[in-house]
Amino acid sequence: MVDLGAQYRKIKNDIDESIQSVIDSCAFINGPEVKNFQAELEEYLNVKNVIPCGNGTDALQIALMALDLKPGDEVITADFTFAATVEVIHLLGLKSVLVDVDYDTFLIDPDQIRKAITPKTKAIIPVHLFGQCANMDEIMKIANEHNLFVVEDTAQAIGADYKGNKAGTIGHIGATSFFPSKNLGCYGDGGALFTNDDALAHRLRGIVNHGMYKRYYHDEIGVNSRLDSIQAAILRVKLPHLNEYSSARRKAAEYYNQAFAGISELKIPGMAADSNHVFHQYTLRVTNGKRNELKGFLESKGIPAMIYYPVPLRKQKAYDTGGYHDEDFPNTNKLIDEVLSLPMHTELDDEQLEFITSSVKEFFN
Ligand SMILES: *Cc1c(COP(=O)(O)O)cnc(C)c1O
4 MVDLGAQYRK
14 IKNDIDESIQ
24 SVIDSCAFIN
34 GPEVKNFQAE
44 LEEYLNVKNV
54 IPCGNGTDAL
64 QIALMALDLK
74 PGDEVITADF
84 TFAATVEVIH
94 LLGLKSVLVD
104 VDYDTFLIDP
114 DQIRKAITPK
124 TKAIIPVHLF
134 GQCANMDEIM
144 KIANEHNLFV
154 VEDTAQAIGA
164 DYKGNKAGTI
174 GHIGATSFFP
184 SKNLGCYGDG
194 GALFTNDDAL
204 AHRLRGIVNH
214 GMYKRYYHDE
224 IGVNSRLDSI
234 QAAILRVKLP
244 HLNEYSSARR
254 KAAEYYNQAF
264 AGISELKIPG
274 MAADSNHVFH
284 QYTLRVTNGK
294 RNELKGFLES
304 KGIPAMIYYP
314 VPLRKQKAYD
324 TGGYHDEDFP
334 NTNKLIDEVL
344 SLPMHTELDD
354 EQLEFITSSV
364 KEFFN
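4 is the number of the first residue of the sequence shown in the numbering used here; add one for each residue after it.
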């Protein structure tokens, strides 16, 4: 699905030098590389504060910890996403309220958010799934009307633009992941929080560091969540390439779109209004009931294809509260049976794309 090796080989000298310099300096924890990466990412995103942390799941958890929510408070998010988003809500004793997504864009549906609001609702977590932004104008409008926090899960959409703003910098807090296969991936675990609110940034910086605002004075329960200096050094090499990586992904998606335009059993990914797409995933919908067969056919030719995601979160054993009705989730219910993601990364060349697309066409002929 990804080719991290080929990407590394193109920047090997810079990466190797960068890693070696951290080892030479022995500044492994909170060293200058972390501070420098933080400043460079703030500039790239045009956001006042970046707070690096250990991974994307921690980022989401820490974001919610900074909002002073009480057990039982409700957080609205999408039924169709990676589980981390919902996991942290439950870890903090909060209640997740899952809503349906749009069938064409896979993104959380603002109308469904509106319907799910109760007096206990305190926050919304829009997930910028597969690399494009949810309808942030509408979501911020709903949040303002009801006095809610918005935490953007931008683990899959770093670098995407929404009306001239970067994904993750529009809500109160943005949370992202530098997991190796993400659009800006390091060589291990990593994550970060973004906010333009200096008071929130202060809280987040304390929480990531054991709730400590003054050395050895612990004002609240925090966590230990840090971005390693070695990972920061790697990210500093990769950040200047992020725009070119996004373009390479878009180019591959364009190739796929053109190749599949004439296949009536396939729907190409819908484009959200007002967001550009950085194609963390290229996800087709197979509408003739043969998704699993297509997956098997591609795999028999050595082409990986993945189902993101096969089970709606409301039906996962860990999060099944029994309070949902199937008829409220017509789109998620269809998507789990139809979605198929094809290889998508920065190193796909025309030869590979030709092989993948002609194999898909062969299946439908
Ligand atoms: C990857 C991902 C996360 C979690 O990031 P980790 O760094 O793996 O903890 C959270 N939300 C979404 C949507 C993701 O894709």
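From the three backbone atoms N, C-alpha and C, an ideal C-beta is built for every residue, glycine too.
From a predicted model like this one, the values you see are computed outputs, not experimental measurements.
Name the residue from Leu94, Asp103, Pro74 whose alpha carbon lies nearest to the alpha carbon of isoleucine 339.
-> On the sequence shown, position 336 is the one that residue 339 refers to. That would be Asp103, whose Cα lies nearest to the Cα of isoleucine 339.
Selection from Ile271, Ser303, Glu350, Glu43 that minimises the alpha carbon distance to proline 243 = Translated into positions along the sequence shown, residue 243 becomes position 240. Closest in C-alpha terms to proline 243, from the list Ile271, Ser303, Glu350, Glu43, comes Glu43.
Does the distance from the C-beta atom of alanine 262 to that of histidine 280 stay below 9 Å?
-> As a first step, residue 262 must be located in the sequence shown, where it is residue number 259. As a first step, residue 280 must be located in the sequence shown, where it is residue number 277. Between alanine 262 and histidine 280, the gap from beta carbon to beta carbon reaches 9 Å or more.
Is the region 83 to 96 close to the region 127 to 135, with three or more CB pairs under 8 Å?
-> Segments in contact, yes.
Range of the contiguous beta strand (DSSP E) that encloses serine 344 = For the purposes of this step, residue 344 is taken as residue 341 along the sequence shown, with counting starting at 1. Segment 342 to 345, the beta strand (DSSP E) holding serine 344.
Proline 307, buried or exposed, once every other Cβ within 10 Å from all chains shown has been counted against 16 | Residue numbering aside, residue 307 sits at position 304 when the sequence shown is read from its first letter. Burial call: exposed.
Which residue or residues does DSSP assign as beta-bridge partners of isoleucine 176?
-> As a position in the sequence shown, residue 176 is number 173, starting the count at 1. As a beta-bridge residue in DSSP terms, isoleucine 176 pairs with Val154.
Alpha helix (DSSP H) segment containing threonine 60, residue limits = Translated into the one-based positions of the sequence shown, residue 60 becomes position 57. Residues 59 to 68.
Quick one: Cα of threonine 162 to Cα of threonine 108, how far?
-> For the purposes of this step, residue 162 is taken as residue 159 along the sequence shown, with counting starting at 1. For the purposes of this step, residue 108 is taken as residue 105 along the sequence shown, with counting starting at 1. The amino acid at residue 162 is misidentified as threonine; the sequence shows glycine. Between the alpha carbons of glycine 162 and threonine 108 lies a gap of roughly 18 Å.
From lysine 254 to phenylalanine 366, what distance separates their C-alpha atoms?
-> Position 251 of the sequence shown, counting from 1, holds the residue named residue 254. Position 363 of the sequence shown, counting from 1, holds the residue named residue 366. Taken atom to atom, the span from the alpha-carbon of lysine 254 to that of phenylalanine 366 is near 23 Å.
Would you list the residues sitting across from aspartate 164 in a DSSP beta bridge?
-> For the purposes of this step, residue 164 is taken as the residue at position 161 of the sequence shown. Note: aspartate 164 sits in a beta bridge opposite Lys169.
Simplified DSSP assignment, three categories, for phenylalanine 197 | Residue numbering aside, residue 197 sits at position 194 when the sequence shown is read from its first letter. Strand, per DSSP.
Between leucine 207 and asparagine 52, is the Cβ-Cβ spacing less than 9 Å?
-> Taking the sequence shown and counting its residues from 1, one reaches residue 207 at position 204. Taking the sequence shown and counting its residues from 1, one reaches residue 52 at position 49. A contact, by the Cβ cut-off of 9 Å.
Between valine 130 and ligand 1, is the CB less than 8 Å from at least one heavy atom?
-> Translated into positions along the sequence shown, residue 130 becomes position 127. True, at least one ligand heavy atom lies under 8 Å from that Cβ.
According to the neighbour-count rule (16 or more other Cβ atoms, all chains shown, within 10 Å of its Cβ), is threonine 157 buried or exposed?
-> Taking the first residue of the sequence shown as position 1, residue 157 is located at position 154. Looking at its Cβ environment, which holds 16 or more other Cβ atoms inside 10 Å, threonine 157 is buried.
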